[in-house]
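Colleague:
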Ligand code: PEP
Ligand code: MG
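Residue numbers (the numbering used here): 4 to 763.
#1: Less than 6 angstroms between C-beta atoms, sequence neighbours within five positions excluded: which residues of the same chain meet that for residue 668?
#2: What residues does ligand 2 have around it, judged by CB closer than 7 angstroms to any heavy atom, in chain order?
#3: Examine the Cβ distances between the stretch 570 to 582 and the stretch 606 to 620 and report whether three or more of them are shorter than 8 angstroms.
#4: Using a threshold of 9 angstroms, state whether the C-beta atoms of residue 677 and residue 629 are closer than that.
#5: Let me confirm a value: residue 758 is counted as buried when at least 16 other C-beta atoms fall within 10 Å, else exposed. Which label applies?
#6: Please determine, among 98, 631, 70, the residue with the shortest C-alpha to C-alpha distance to residue 153.
#7: For residue 816 and residue 725, which I take to be in contact (beta-carbon distance under 8 angstroms), what is that distance rounded to the nearest angstrom?
#8: Within the same chain, show all residues whose beta-carbon is closer than 8 angstroms to that of residue 225, passing over the 5 residues directly before and after it, in chain order.
#9: Is the beta carbon of residue 236 sitting closer than 9 angstroms to the one on residue 282?
#10: Taking three-plus beta-carbon pairs below 8 angstroms as touching, is the stretch 502 to 509 in contact with the stretch 554 to 572?
#11: List the whole-angstrom C-beta distance separating residue 689 from residue 640, where the pair is believed to meet the contact cut-off of C-beta under 8 angstroms.
#12: Is residue 344 near ligand 1, judged by its Cβ being under 8 angstroms from some heavy atom?
#13: At 4 residues or longer, and completely inside the stretch 469 to 547: list those alpha helix (DSSP H) runs for me, N to C.
#14: Taking Cβ positions, are residue 738 and residue 670 nearer each other than 9 angstroms?
#15: Rounded to a whole number of angstroms, what is the C-alpha to C-alpha distance between residue 85 and residue 92?
#16: Please state whether the Cβ-Cβ distance between residue 212 and residue 405 is less than 9 angstroms.
#17: Quick check on DSSP: helix, strand or coil for residue 585?
#18: Relative to the C-alpha of residue 195, which candidate in 102, 203, 411 has its C-alpha closest?
#19: Please state the DSSP three-state secondary structure of residue 277.
#20: Take residue 319 and list the residues in its own chain whose beta-carbon comes closer than 6 angstroms to its own, dropping the five residues that flank it on each side.
#21: Taking 8 angstroms as the line, does the beta carbon of residue 465 fall inside it for any heavy atom of ligand 1?
#22: Tell whether a beta-carbon distance below 9 angstroms holds between residue 373 and residue 400.
#23: Is residue 328 near ligand 1, going by C-beta to nearest heavy atom under 8 angstroms?
#24: Roughly how many angstroms separate the alpha carbons of residue 333 and residue 365, rounded to a whole number?
#25: Distance, Cα to Cα, residue 761 vs residue 702?
#26: Within 8 angstroms, do at least three Cβ pairs link the stretch 60 to 75 to the stretch 153 to 162?
#27: Just confirm the distance between the C-beta atoms of residue 390 and residue 369, as a whole number of angstroms; I'd bet it's less than 8 angstroms.
#28: Can you tell me whether DSSP reads residue 338 as helix, strand or coil?
#29: Express the C-alpha separation of residue 387 and residue 215 in angstroms, rounding to a whole number.
#30: For the beta strand (DSSP E) that contains residue 714, what are its first and last residues?
#31: Apart from the five residues just before and just after residue 347, which ones in its own chain have a Cβ nearer than 7 angstroms to its Cβ?
#32: Cα separation between residue 233 and residue 290?
#33: Who are the near neighbours of residue 83 in its chain, counting only those whose CB is closer than 8 angstroms to its CB and skipping five residues on each side?
#34: Starting from the N-terminal side, write out each stretch of the beta strand (DSSP E) that is 3 residues or longer and does not extend beyond the stretch 392 to 428.
#35: In terms of residues, what are the limits of the alpha helix (DSSP H) holding residue 549?
#36: When we look at the beta-carbon of residue 627 and count the other beta-carbons within 10 Å, is it buried (16 or more) or exposed?
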């Protein structure tokens, strides 16, 4: 065994770092993988090093590069997940170290590879997030050759290589939807899927997998490439520019706060002299124009994807999208639906809020996400845009052939792949019945009272300005929560005070004389800004988020506060609410900053609202023991139950895998809420509920029973919530709340609630 393994391991990682950057600009991916194999084998002094990549569509691992095995086995050795030690590594997502592989019953010998001599076997999975990319294997003739240090080194190497290899795989066309015929087995297996409903509605449409729409154009050299000239190139660029401008104005119509910003990166690249010059240089050197676009685009994609900064990695999508558009425009392909998503059900691994906006502007029929949680911001945003959304932890959905017929019932979370006529018919008739219930909106009255005459205030949660109209139509008595982070989330940079001002102004102007509660920036957790490096945190839910972020970045915080104060100058009363307050100190610090901002504006003689009401969200259990003091400090409160439950029960609200532990009916949650409300009422301050619990009938009864008189819900829930409240009496609510508070088990509270729901 080599004595200096430690040093070699270190060098291996350094070299692999170099290799990953070498991929930049190289169009010969096979060669890159081969060089990687050589390097790993050299550093680990392994006789064999092989790289297997997982082909999503064929659902097979394919040997893509090897040193030590028969080179002819490349592309011909293939195995199913779970087959042989390599296949098991992929499935289990764990390394396998075997001192004597031939004795392991799971070892599978492929004759064409000539691997029978190699006894020591070590494999590690190559993966990114939940995506299984492939397996990296080293082998040696000597038994018991590899040690724990080798496992660690190989794992580290695989993780460094993952992003470069993922690109390589993309560029080699393994994800090319055109290259694979409809995969009937996947369709069969996925006939019916139960997911979680995250945005209501129903859709029946052909599916498309998001993120691959133009990607394949990048890997598809075509025989007709040579027929294109410089003139065609300029025409394609101009067409692309025109299409982007048109798309942008469509987005601006629907979403004023995103205005022109979603496609900024595209425009920037397109107008970047270097980008165009580089393409021209390749054309001059003799490359057909489409190929020149591909070469340069790949170069940027690799550069962006190997960046440690999330905002740069994000640009991979923009680059793919842009280059795909240019390539399509060479052929004058129909770009009417540039993302090819119009009217489709989009299946995606993950989406950023800006993706939802793009998809909305494309008028997609629905979205299926294979990761995330129903209370995540992407889900909330989809609801705001009234796009049916289901979250289903089934990555296989990403392998569905393009245009597979899908029916999604986002009201309950059911997905039908290739639905039968009968299923389609059932849904259509149900939909008609549902349309009738929209008449409920007409029956909305401006105020809401219980059966026994108790007035309850119904406010709206607003994420996007476009929802204001609905809130007004449905007679919301004001805005209980404006999530001000959305303009931040959909931009490419922090919006300045000037950019924020018109947004807040519109909020105040559209609902004059109503309660308008603006929550200050609540970023972090699942609301990651693409341009901030928050992704570097390993546990963002507990990281530099929300009010912590604002207090740590006073410049950003001040710009927001000043924009609110200035925009609200003519409004009678304005409310500023801080999210995620954990202590009296934090509240005081944030409030002091608001005062300083007012003083500053005063000095500059800029007109502004002089006395905003200052309140706070209750989202953290840490406030329980200091509620008395907080109630004395703050002007008003709103309970964010989405986060309160998350932090009380230590259950990530965005993690589908632990969704069953997310139990708002947990006795600790219910008792805590009752205590908090009790303290606030005692001090004659206002308290409302603005989390998702506020629109569920079984919780509405509870909230009223513990003294809550104000609820803030997504506008579309207003009619239903009003109906529920009108039917119940305060005495029933009090009795029901008492019963729940007396129960100490999760099962017990659930039973009480189910009984109520069954009777309602
Ligand atoms: C909450 O946590 O309940 C809440 C309303 O805030 P958000 O969902 O924006 O985190
Ligand atoms: Mg929250």
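All C-beta atoms in this analysis are idealised placements derived from N, C-alpha and C, irrespective of residue type, glycine included. What you are looking at is a predicted structure, and each value in this text was computed from that prediction instead of being measured.
Modeller: The structure says:
#1: Mapped onto the chain shown, residue 668 falls at position 665. If we look at residue 668 and ignore the five residues flanking it on each side, its Cβ neighbours are 752, 753, 756.
#2: Selection output, chain order preserved: 525, 582, 583, 620, 622, 643, 645, 646.
#3: Segment contact: the stretch 570 to 582 against the stretch 606 to 620, three or more CB-CB distances shorter than 8 angstroms; contact assigned.
#4: Taking the first residue of the chain shown as position 1, residue 677 is located at position 674. Taking the first residue of the chain shown as position 1, residue 629 is located at position 626. Cβ atoms of residue 677 and residue 629: not closer than 9 angstroms.
#5: Counting from one through the chain shown, the residue named residue 758 turns up at place 755. With fewer than 16 Cβ atoms within 10 Å of its Cβ, residue 758 is classed as exposed.
#6: Walking along the chain shown from the start, residue 153 turns up at place 150. For residue 153, the closest C-alpha among the options 98, 631, 70 is that of 98.
#7: A question about residue 816 goes unanswered here, because the residues of the chain that appear run from 4 up to 763.
#8: Sequence index remark: in the chain shown, residue 225 carries index 222 (1-based). Closer than 8 angstroms at Cβ, skipping near neighbours: 293.
#9: Sequence index remark: in the chain shown, residue 236 carries index 233 (1-based). Sequence index remark: in the chain shown, residue 282 carries index 279 (1-based). Yes, the Cβ-Cβ distance between residue 236 and residue 282 is below 9 angstroms.
#10: The stretch 502 to 509 is in contact with the stretch 554 to 572.
#11: On the chain shown, residue 689 is found 686 positions in, with the first residue counted as 1. On the chain shown, residue 640 is found 637 positions in, with the first residue counted as 1. Cβ atoms of residue 689 and residue 640 come within 8 angstroms of each other, at about 7 angstroms.
#12: Within the chain shown, numbered from 1, the residue matching residue 344 stands at position 341. In this structure, residue 344 has its beta carbon at no less than 8 angstroms from each heavy atom of ligand 1.
#13: The stretch 469 to 547 contains these whole alpha helix (DSSP H) runs: 471 to 476, 488 to 492, 500 to 513.
#14: Indexing the chain shown from 1 puts residue 738 at position 735. Indexing the chain shown from 1 puts residue 670 at position 667. The answer is no: Cβ separation not under 9 angstroms.
#15: The residue labelled residue 85 in the question sits at position 82 within the chain shown. The residue labelled residue 92 in the question sits at position 89 within the chain shown. Going from the Cα of residue 85 to the Cα of residue 92 covers about 8 angstroms.
#16: Mapped onto the chain shown, residue 212 falls at position 209. Mapped onto the chain shown, residue 405 falls at position 402. Yes. Within cutoff.
#17: Position 582 of the chain shown, counted from the start, is the residue given in the question as residue 585. The answer is coil: DSSP assigns residue 585 none of H, G, I, E or B.
#18: By 1-based counting over the chain shown, the position of residue 195 is 192. For residue 195, the nearest C-alpha among the options comes from 411.
#19: Walking along the chain shown from the start, residue 277 turns up at place 274. Shown here, residue 277 sits in a helix according to DSSP, grouped into three states.
#20: Stepping through the chain shown from its first residue, residue 319 is reached at position 316. Counting only Cβ-Cβ distances below 6 angstroms, and skipping sequence neighbours, we find 304, 307, 308.
#21: For the purposes of this step, residue 465 is taken as residue 462 along the chain shown, with counting starting at 1. Incorrect: residue 465 has no Cβ contact closer than 8 angstroms to ligand 1.
#22: Reading the chain shown from its first residue, position 370 is the one you call residue 373. Reading the chain shown from its first residue, position 397 is the one you call residue 400. Yes, Cβ-Cβ distance for residue 373 and residue 400 is below 9 angstroms.
#23: On the chain shown, residue 328 is found 325 positions in, with the first residue counted as 1. Checking the Cβ of residue 328 against ligand 1 gives no.
#24: Taking the first residue of the chain shown as 1, we reach residue 333 at position 330. Taking the first residue of the chain shown as 1, we reach residue 365 at position 362. Near 22 angstroms, if we compare the C-alpha coordinates of residue 365 and residue 333.
#25: Position 758 of the chain shown, counted from the first residue, corresponds to residue 761. Position 699 of the chain shown, counted from the first residue, corresponds to residue 702. Rounded to the nearest angstrom, the two C-alpha atoms are 14 angstroms apart.
#26: The way I'd put it, the stretch 153 to 162 doesn't touch the stretch 60 to 75; fewer than three beta-carbon pairs between them come closer than 8 angstroms.
#27: In the chain shown, the residue the question calls residue 390 occupies position 387. In the chain shown, the residue the question calls residue 369 occupies position 366. Right, the Cβ-Cβ distance comes to about 6 angstroms (below 8 angstroms), so this counts as a contact.
#28: As a first step, residue 338 is located in the chain shown; it is residue number 335 there, counting from the start. Note that residue 338 scores 45 on pLDDT, short of 50, meaning its location in the model is unreliable; the coordinates nonetheless yield the value given after this. Three-state result, residue 338: coil.
#29: Working through the chain shown from its first residue, we reach residue 215 at position 212. Working through the chain shown from its first residue, we reach residue 387 at position 384. Note on residue 215: pLDDT 44, under 50, position unreliable in the model; the coordinate value appears next. Their Cα atoms are separated by approximately 26 angstroms.
#30: Here residue 714 refers to the residue found at position 711 when the chain shown is read from its first residue. Counted as a single uninterrupted DSSP element, the beta strand (DSSP E) harbouring residue 714 occupies residues 713 to 716.
#31: Counting from 1 along the chain shown, the entry for residue 347 is found at position 344. Around residue 347, the same chain offers 208, 209, 210, 211, 367, 368 as residues with beta carbons nearer than 7 angstroms, after the five sequence neighbours per side are excluded.
#32: Residue 233 sits at position 230 when you count from the first residue of the chain shown. Residue 290 sits at position 287 when you count from the first residue of the chain shown. Straight across, the Cα-Cα distance linking residue 233 with residue 290 is about 11 angstroms.
#33: Stepping through the chain shown from its first residue, residue 83 is reached at position 80. 62, 63, 64, 90, listed in sequence order.
#34: Complete beta strand (DSSP E) runs here, min 3: 392 to 394, 408 to 412, 417 to 420.
#35: As a working note, residue 549 is residue 546 in the chain shown. 549 to 555 is the extent of the alpha helix (DSSP H) around residue 549.
#36: Translated into positions along the chain shown, residue 627 becomes position 624. Residue 627 is exposed by the Cβ-count criterion.
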